[in-house]
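>
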Amino acid sequence: MTPVDRPVPAAAPPDPQPPATGVALPAPPAAAVPATPAHGGSPWWLYALFAAVDGAAAVALVVLVRRTSAVQARS
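This is the structure:
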């Protein structure tokens, strides 16, 4: 970025109201429906994935603790 010696004019503030076009805008929806899965249909694959990742993390933690205790026992 190069510094500028002359003052830079500020941008004009936006208009508070857009100009009227004479066309009525459609009404917004009454309530937006959240994108959640239907009740009763549990995503079994998500639970299976969580169990696999959780199991791998538990195994990694056990290996880390065993290696750390083995290194401390040597010294």
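In our numbering, the protein residues as written are 55 to 129. By construction, the Cβ of each residue, glycine as well, lies at the ideal position given by its N, Cα and C atoms. Computed from a predicted model, the values in this text were never measured in an experiment.
For Gln71 and Val77, what's the separation of their Cα atoms in angstroms?
Taking the straight line from one Cα to the other gives about 15 Å.
> Any heavy atom of the ligand COA closer than 7 Å to the CB of Arg128?
Only the bare structure without any ligand can be found here, which leaves the ligand COA out of the picture.
> CA-CA distance, Gly109 and Ser123?
Their backbone Cα atoms lie some 21 Å apart in a straight line.
> Over what stretch of residues does the alpha helix (DSSP H) that includes Val77 continue unbroken?
No alpha helix (DSSP H) contains Val77, which DSSP labels as neither H nor E.
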